[in-house]
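In the numbering used here, the protein residues as written are 27 to 237. We put the beta carbon where it would ideally sit given N, CA and C, even for glycine. If you're wondering where the values come from, they're calculated on a predicted model, not measured in any experiment. First the structure, in the form of structure tokens, and then the observations on it.
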Amino acid sequence: MKPAEYAQELGISRQAVYAKIKRGILTAKNVEGKLYIVVDKDEEKNITQTTSIPKKILSKKVNTQTKVSVKSEDYKDLLRAKDETISVLKGTVKDLKKSNKQISTTLKGEIDLLKEAFHEMRSLYIMQLEQKIQTNNELIDVSEDILEDEPIFIHWIGMKQFFKSYSVKEKKQEKIKKRLRKAYKNNDNRISKIEGKLKMDQNAKYEDILK
27 MKPAEYAQEL
37 GISRQAVYAK
47 IKRGILTAKN
57 VEGKLYIVVD
67 KDEEKNITQT
77 TSIPKKILSK
87 KVNTQTKVSV
97 KSEDYKDLLR
107 AKDETISVLK
117 GTVKDLKKSN
127 KQISTTLKGE
137 IDLLKEAFHE
147 MRSLYIMQLE
157 QKIQTNNELI
167 DVSEDILEDE
177 PIFIHWIGMK
187 QFFKSYSVKE
197 KKQEKIKKRL
207 RKAYKNNDNR
217 ISKIEGKLKM
227 DQNAKYEDIL
237 K
């Protein structure tokens, strides 16, 4: 008989049947990968009679000894099987609680690691940003220094162009020439002599000479 059928016939649970098999009370065989309980003819007859006779007939025709279909030993086995099942369930619940605690601890650790990684990344980003700002400021300072130190190229012009630029009239030109020659002799940087001719810096101012 199959364990489920045997349990149904005796009115006990399948756990009780497996407990009986484990303790050697019941004989079981594996046939083509399926477990079967070996029942002798007398036991099968008793099981069949017990399950086939209605309760009303049993109460009238069967004596006190035959009313009980399962022996006291079977009840003890059943109770032991129930206790074993409860014990297994308690162990399972305990293992589940332990597993849940481990999972919670692991998840908490992972969350803490993520928080630390986030703070580290934020600190690195702020540091890189500050370095970029500092570098840009240094570049701006260097650029300003270069612009300040950059030499201004002098554009020299001749006497004729000089008079034209300042709209000097012919009557006054000779007087201005003398002043320019005198300034050149006094090492005036605004005036230079190039190829034997006086040249004036176009970017300079000559109010003192032109007045």
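- In terms of CA proximity to Ile217, Ile235 leads the group Ser125, Arg106, Ile235.
- Annotation: the continuous beta strand (DSSP E) that includes Asp227 extends over 223-227.
- In the displayed model, Ser218 falls within a strand according to three-state DSSP.
- Fewer than three beta-carbon pairs drawn from the segment 145-163 and the segment 182-192 are found closer than 8 Å, and the two stretches are therefore not classed as touching.
- When the alpha-carbon of Tyr32 is set against those of Lys141, Leu61, Leu115, the nearest one is in Leu61.
- Under the DSSP definition of a beta bridge, Val64 partners with Thr53.
- The beta-bridge partner set that DSSP reports for Ile202 is empty.
- For Ile183, the secondary structure class from DSSP, reduced to helix, strand or coil, is strand.
- In the DSSP assignment, Ala33 falls within the unbroken alpha helix (DSSP H) covering 29-36.
- In terms of Cβ geometry, Ile63 and Ile47 form a close pair [threshold 9 Å].
- At the C-beta level, Leu224 and Arg205 stay beyond 9 Å of one another.
- Measuring C-alpha to C-alpha distances from Asp66 to each of Tyr101, Met27, Gly59 identifies Met27 as the nearest.
- Annotated three-state conformation of Lys237 is coil, per DSSP.
- Judged by DSSP in its simplified three-state form, Glu58 adopts coil rather than helix or strand.
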